[in-house]
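In my numbering, the protein residues as written are 494 to 601. Where is the CB? At the ideal position from N, CA and C, for every residue including glycine. Owing to the predicted nature of the structure, the values given are computational and were not obtained by experimental measurement. Worksheet: one structure, shown below.
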């Protein structure tokens with residue numbers, strides 16, 4: 494399993510538009526082999542007055558994630574990404590993780 498995460502720092506006044514953008518977009522993720530699931534996570538307002546969002550995508554492997562980043566689906570999903578910079582502070586912070594252990598409530 495490979496987890497890909499982008500973190501975004503958003504000012505509270507931009508939060509409704511940022512959320513609407515994510516909730517209304519066509520991600521094309523379901524079209525990709527190796528895609529498992531996606532979550533958009535939101536923190537409470539932090540001490541510095543910002544809200545942290547994290548896009549959290551689970552893939553069967555790092556190779557499946559890499560194929561996504563080179564795909565037409567990726568380009569389509571991110572076609573208007575440059576126009577969203579005003580909604581979040583700075584650039585998104587990417588983090589990628591390979592699972593070394595999994596514990597679940599279901600037998601798998």
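Asked, Found
"In the DSSP assignment, what residue or residues form a beta bridge with residue 571?", "Per DSSP, none; premise fails for residue 571."
"Can you say whether residue 558 is buried or exposed, counting buried as having 16 or more other CB atoms within 10 angstroms of its CB?", "buried"
"So what does residue 525 bridge to, in DSSP terms?", "Its beta-bridge partners do not exist; DSSP assigns none."
"Given this structure, state the Cα-to-Cα distance separating residue 570 from residue 522, to the nearest angstrom.", "9 Å"
"DSSP on residue 565, reduced to helix/strand/coil?", "helix"
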